Every structure is written in structure tokens, then in C-alpha cells.
Amino acid sequence: MVKKNKKTLHKFPSFQPAVSLDLDRNDAQAKASYYCEKAKVRNTEKSTKNWITKFEEFRVCANYSVPLSELNDVSLLQQQLVEYISTMKRNDGCEYKATSIKQAVDALNRYLVCHSPIL
């Protein structure tokens, strides 16, 4: 005798109304933004803010009038960065170590990638 396969119908979960789906979508977006914010490294952001503040102070002392967020001339930006890096000194007047200079360059790069009209 051959057994016939009985097809069983699986019950699908009840469909949710559109309002509930929108709430789920909003909840998912809230969770996504929470985890994006959670993934940010506070020390990295602090370092970036620190080096940008020092670079802005240098720009004020060097009488550069165009704000960094509006600077759209590549050669002028390069000139300012070269001048800043070549004249960087600690608060006690000593030169920075190579690792500190690299951290400064990385911080400036992070800032410019997000805020510069050039990049």
C-alpha cells in the first residue's frame, strides 16, 4: 500500500494593519539609529574635535577668513594643511611626536570627509 502525502496547510500569522507596520518601521529606524550612535567611538570624536579646534585656532592666527566648512579651493586647503602640520607645536613649545601628527592628520581627514564641500 502506498501512503498518500497529506498536504497540511500552515497557518500564516495574521496580517497586521498598515498602521502597525508603520510603527514597526519607525521602531526599526529608531533601533538602527540607536545602534549607529552606539557604534561611534567617543574618544575618536573627542580627538577629532580637539584637532579641528587647534586647526581652526591656527587658521584664525594665520588670518584665513573663509570658514573651513565653506572652503572649496583644493590648493588653498592643501596650503593651509601643510602650513599647519609644519608649524604644529605642543602647548609647552616642544614638537609633537610622529604618532601625534598622524593622529592629527587622521582627525582632520575624518572631519573633512564629512564637512568639506570639496570631498
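Numbering-wise, the sequence shown is residues 181 to 299 according to the working numbering.
Just so it is clear, CB atoms sit at the ideal spot from N, CA and C, and this is done for glycine as well.
A quick note: this is a predicted structure, and the numbers were derived from the prediction, not measured.
Next item on the list: Quick one: residues in its chain with C-beta nearer than 7 Å to the C-beta of Asn252, no 5 flanking neighbours on either side, listed in chain order?
Entry: Taking C-beta separations shorter than 7 Å and ignoring five residues to either side along the sequence, the partners of Asn252 in its chain run Pro297 and Ile298, following chain order.
Note to self: Could you check whether the region 252 to 268 touches the region 207 to 221, counting it as contact only if at least three pairs of C-beta atoms, one from each stretch, sit closer than 8 Å?
What the structure shows: The region 252 to 268 makes no contact with the region 207 to 221; the number of CB pairs closer than 8 Å stays below 3.
Next item on the list: Go to Val293, then tell me how far its alpha helix (DSSP H) extends in each direction, as first and last residue.
Entry: First-last of the alpha helix (DSSP H) with Val293: Ala278 to His295.
Margin query: As a quick exercise: from Gln209, Ala210 and Trp231, pick the residue whose alpha carbon is nearest that of Ala284.
Written below: Its Cα nearest to that of Ala284, the residue Trp231 stands out among Gln209, Ala210 and Trp231.
Notebook entry, point to check: For Ala287 versus Ser227, is the C-beta spacing smaller than 9 Å?
Noted result: Going by C-beta atoms, Ala287 is nearer than 9 Å to Ser227.
Note to self: Using CA atoms only, rank isn't needed, just tell me which of Pro247, Glu225 and Glu275 is closest to Arg290.
What the structure shows: The candidate whose alpha carbon is nearest that of Arg290 is Glu225.
Next item on the list: For the alpha helix (DSSP H) containing Asn230, list its first residue and its last residue.
Entry: Run containing Asn230: Arg222 to Cys241, per the alpha helix (DSSP H) assignment.
Next item on the list: Return helix, strand or coil for Arg270, following the three-state DSSP convention.
Entry: Residue state, collapsed to three classes: coil.
Notebook entry, point to check: If Ala242 and Glu263 are in contact, beta carbons under 8 Å, what's the gap, nearest whole angstrom?
Noted result: Confirmed, about 7 Å.
Item checked: Straight-line gap, Gln259 to Ala210 (C-alpha atoms, nearest Å) -> Cα to Cα, the separation comes out at about 42 Å.
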